[in-house]
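**Q** In the numbering used here, the protein residues as written are 11 to 406. Yeah, the Cβ is synthetic: ideal placement off N, Cα and C, and Gly gets one too.
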């Protein structure tokens, strides 16, 4: 048989992960043994307890307290004193057992300290099952070593202090049937500079003790879950940043296996160097379009707010019933050629535009759109247009 932490972990405030190093512990045989401490001298009792602890075994230590007052004293000791304080069980020896208030508790002795010159400062180290507190970060308390092991309580037929251990013959450890080994990303790199939001991946490789079943690249160092969207069966060959991204960025490569284990990341940094054209200003005189007057002049300013120079481009113009260029916007005749624009610089110019015939008779916004032929590879293509504050009225 084997002890499995997953089942018994529910019965203690101390998690199995804090007290075990393996998933299972095969046992060939197990038997209980009493550590003799009564009917013998104090020195013999202490020697018997030390003998077990020195074999690397723990000791089950049970104690009975006679009434509520004794228990409240122990609770106060546990809750309000530090791990360096000594608990002295002799304080309740000889008291009368109260059938309704008395009770017992068991802890585990895991070691001792007898290094002090004064034996009054020697103690057993007891691990409690009550978890940790601010004053007890390790969940332990110290039990005074030199006590009356032949202590009795009036009205209680058994000794109030008991010590037991287990004699265990261990078997050969079985292989853990669950794969708990995460993959390892062995290599990941991208170009150090990219002039496109879509960045090629130079290399992305990973290994696993079983098999790598998923690959992912993210722009965040937060580990993705194995069920997150974005995993691919093959290593990605490119990564696309969100629109508007510029400057130095870091990418993180991850791998997962069939058991859901996710690797640690391997990162690579790069600089996104791209122009970003916007129309920072646009103006025109308020104009009424008639049968004899179907054109007007419009002035706009293109600005490059990216971190790389923008090549020559073309600005086009539209009429729209909303201040945004929608799919229903009406393209006007006439364009403006825009010279190359350095980082942070502008280009201002005017164009004479013509309103096509047959459009709806209503009031429109005049809109200028930079790089409307989409020849400039920008960090964002969604911020290229701007509407004039003065509207155009079409009457014919």
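Taking 9 Å as the cut-off, decide whether the C-beta atoms of residue 170 and residue 121 are in contact.
**A** The count along the chain shown starts at 1 and reaches residue 170 at position 160. The count along the chain shown starts at 1 and reaches residue 121 at position 111. Result no, Cβ atoms of residue 170 and residue 121 do not sit closer than 9 Å.
**Q** Excluding sequence positions up to five away, which residues of its chain have a Cβ less than 8 Å from the Cβ of residue 13?
**A** As a position in the chain shown, residue 13 is number 3, starting the count at 1. Low per-residue confidence applies at residue 13: pLDDT is 40, beneath 50, and the placement is therefore not dependable, though the value from the model is reported in the following sentence. Excluding sequence neighbours, residue 13 sits near 34, 35 and 37.
**Q** Could you tell me how far apart the beta carbons of residue 345 and residue 320 are, in whole angstroms, since I believe they sit closer than 8 Å?
**A** Here residue 345 is taken as the residue at index 335 of the chain shown, counted from 1. Here residue 320 is taken as the residue at index 310 of the chain shown, counted from 1. Rounded, the Cβ-Cβ distance is 17 Å, inconsistent with contact.
**Q** Is the Cβ-Cβ distance between residue 274 and residue 197 less than 9 Å?
**A** As a first step, residue 274 is located in the chain shown; it is residue number 264 there, counting from the start. As a first step, residue 197 is located in the chain shown; it is residue number 187 there, counting from the start. No, the pair does not count as a contact, with Cβ atoms beyond the cut-off.
**Q** Which residues in the same chain have their Cβ closer than 6 Å to the Cβ of residue 138, if we skip the five residues on either side of it in sequence?
**A** Counting from 1 along the chain shown, the entry for residue 138 is found at position 128. Excluding sequence neighbours, residue 138 sits near 117 and 149.
**Q** Cβ of residue 288 within 9 Å of Cβ of residue 327?
**A** Here residue 288 is taken as the residue at index 278 of the chain shown, counted from 1. Here residue 327 is taken as the residue at index 317 of the chain shown, counted from 1. Cβ atoms of residue 288 and residue 327: not closer than 9 Å.
**Q** On a CA-only basis, which of 79, 237 and 285 is nearest residue 354? Give me that one, please.
**A** Position 344 of the chain shown, counted from the first residue, corresponds to residue 354. That would be 285, whose Cα lies nearest to the Cα of residue 354.
**Q** So if DSSP puts residue 453 in a beta bridge, which residue, or which two residues, is it bridged to?
**A** The shown model of the chain, from 11 to 406, leaves out residue 453, and the question about it has no answer.
**Q** Excluding five sequence neighbours on each side, which residues of the same chain lie with their C-beta closer than 7 Å to the C-beta of residue 172?
**A** Indexing the chain shown from 1 puts residue 172 at position 162. 72, listed in sequence order.
**Q** So residue 210 and residue 201 are in contact, right, with Cβ under 8 Å, and what is the actual spacing, rounded?
**A** Counted from its first residue, the chain shown places residue 210 at position 200. Counted from its first residue, the chain shown places residue 201 at position 191. Correct: roughly 7 Å between the Cβ atoms.
**Q** By the three-class DSSP mapping on this structure, what secondary structure does residue 419 have?
**A** No statement about residue 419 is possible, as the shown extent of the chain runs from 11 to 406 and does not include it.
**Q** Within 10 angstroms of the Cβ of residue 134, are there 16 or more other Cβ atoms? Answer buried if so, exposed if not.
**A** Counting from 1 along the chain shown, the entry for residue 134 is found at position 124. Residue 134 comes out buried.
**Q** Under the assumption that residue 324 contacts residue 397 (Cβ atoms under 8 Å), give the Cβ distance between them as a whole number of angstroms.
**A** Position 314 of the chain shown, counted from the start, is the residue given in the question as residue 324. Position 387 of the chain shown, counted from the start, is the residue given in the question as residue 397. Not a contact, Cβ separation roughly 19 Å.
**Q** Rounded to whole angstroms, what's the CA-CA distance from residue 89 to residue 131? Just pull it up for me.
**A** Sequence index remark: in the chain shown, residue 89 carries index 79 (1-based). Sequence index remark: in the chain shown, residue 131 carries index 121 (1-based). Distance between the alpha carbons of residue 89 and residue 131 is about 21 Å.
**Q** Have a look at residue 365 and residue 400 and give me their C-alpha separation to the nearest angstrom.
**A** Your numbering for residue 365 matches position 355 in the chain shown. Your numbering for residue 400 matches position 390 in the chain shown. Cα to Cα, residue 365 sits roughly 16 Å from residue 400.
**Q** Just tell me which of 219, 348 and 125 has its CA closest to the CA of residue 267.
**A** For the purposes of this step, residue 267 is taken as the residue at position 257 of the chain shown. It is 219.
**Q** Pair every Cβ in the region 369–386 with every Cβ in the region 331–341, then say whether three or more of these pairs are closer than 8 Å.
**A** Flag = yes, the region 369–386 and the region 331–341 touch.
**Q** Name, in chain order, the residues that DSSP records as bridge partners for residue 374.
**A** In the chain shown, residue 374 corresponds to position 364, counting from 1. Note: residue 374 sits in a beta bridge opposite 402.
**Q** Quick one, which of 80, 348 and 395 has its alpha-carbon nearest residue 112's?
**A** Taking the chain shown and counting its residues from 1, one reaches residue 112 at position 102. It is 80 whose Cα lies nearest to the Cα of residue 112.
**Q** Please return the same chain residues whose Cβ sits closer than 6 Å to the Cβ of residue 348, not counting the five positions on each side in sequence.
**A** Counted from its first residue, the chain shown places residue 348 at position 338. The residues are 312, 323, 325 and 357.
**Q** Is the region 240–249 touching the region 153–166 in the sense that three or more CB pairs, one from each, lie closer than 8 Å?
**A** The answer is no - the region 240–249 does not touch the region 153–166, with fewer than three Cβ pairs under 8 Å.
**Q** Let's see if you can read the secondary structure: which residues bound the beta strand (DSSP E) around residue 249?
**A** For the purposes of this step, residue 249 is taken as the residue at position 239 of the chain shown. Counting along the chain, the beta strand (DSSP E) containing residue 249 begins and ends at 248–250.
**Q** Identify which residue in 204, 402, 159 and 39 has its Cα closest to the Cα of residue 181.
**A** Taking the first residue of the chain shown as 1, we reach residue 181 at position 171. Checking every option, the nearest Cα to that of residue 181 belongs to 39.
**Q** For residue 373 and residue 343, which I take to be in contact (beta-carbon distance under 8 Å), what is that distance rounded to the nearest angstrom?
**A** For the purposes of this step, residue 373 is taken as the residue at position 363 of the chain shown. For the purposes of this step, residue 343 is taken as the residue at position 333 of the chain shown. Not really, about 20 Å apart at Cβ, beyond 8 Å.
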